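S.K.:
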Amino acid sequence: FGKWDFSEIEVSDISLEDYIACKRDHATYLPHTAGRYQVKRFRKATCPIVERLACCLMRKGRNSGQKLMAVRIIQHTLEIIHLLTDKSPIQIVVDAVINSGPREG
């Protein structure tokens, strides 16, 4: 969202470095790239990590298909995380993904 720097993000698990896209050209300021990441096998690994979180939020219920609302929810959540921890909230999201389970549909 243009508030936090992507250059200091580091992925501590070497097995997940290729699958958590938060460096170089995957460091987008707005997680709404309208990319087609499901067309080819393993292409969703190049989708920015915050955009993947937004896509997971809009799967079921009344949030289905409303990406702008999911992006707004993530923006407010990242701001709250930054206020509470004084760290980069993107680094905290990356650490949470590393600590989570291996399932994504």
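Mapping of the sequence shown onto this note's numbering: residues -19 to 85, in sequence order.
For every residue, glycine included, the Cβ atom is placed at its ideal position computed from N, Cα and C.
If you're wondering where the values come from, they're calculated on a predicted model, not measured in any experiment.
1. Take the Cβ of Ile60 as the centre, count every other Cβ of all protein chains shown within 10 Å, and call the residue buried at 16 or more, exposed below.
2. Rounded to a whole number of angstroms, what is the C-alpha to C-alpha distance between Gly(-18) and Thr13?
3. Quick check for students: name the residue ranges of the alpha helix (DSSP H) that lie wholly in the stretch 26 to 50, counting only runs of 4 or more.
4. So what does DSSP say about Ala1, is it helix, strand or coil?
5. Mind checking Cys27: buried by the 16 CB within 10 Å criterion, or exposed?
6. Suppose you measure from the CA of Asp(-7) to the CA of Tyr(-1); what does that come to, to the nearest Å?
7. Compute the beta-carbon to beta-carbon distance between Pro69 and Ala34, rounded to the nearest angstrom, for a pair I have assumed lies under 8 Å.
8. Taking the alpha carbon of Gln71 as the point to measure from, which residue in Ser(-5), Thr57 and Cys2 has its own alpha carbon closest?
M.R.: The short version:
1. What you label residue 60 is simply residue 80 of the sequence shown in a count that begins at 1. It is exposed - the Cβ of Ile60 has fewer than 16 other Cβ atoms within 10 Å.
2. Start at 1 with the first residue of the sequence shown, and residue -18 comes out as number 2. Start at 1 with the first residue of the sequence shown, and residue 13 comes out as number 33. Approximately 15 Å between the Cα atoms of the pair.
3. 29 to 37
4. For the purposes of this step, residue 1 is taken as the residue at position 21 of the sequence shown. Per DSSP, reduced to three states, the secondary structure at Ala1 is strand.
5. For this step, residue 27 is matched to residue 47 along the sequence shown. Cys27 comes out buried.
6. Position 13 of the sequence shown, counted from the start, is the residue given in the question as residue -7. Position 19 of the sequence shown, counted from the start, is the residue given in the question as residue -1. The straight-line gap from Cα to Cα measures roughly 11 Å.
7. Looking up residue 69 in the sequence shown gives position 89. Looking up residue 34 in the sequence shown gives position 54. Contact flag wrong, Cβ pair sits at about 14 Å.
8. What you label residue 71 is simply residue 91 of the sequence shown in a count that begins at 1. Nearest C-alpha to Gln71: Cys2.
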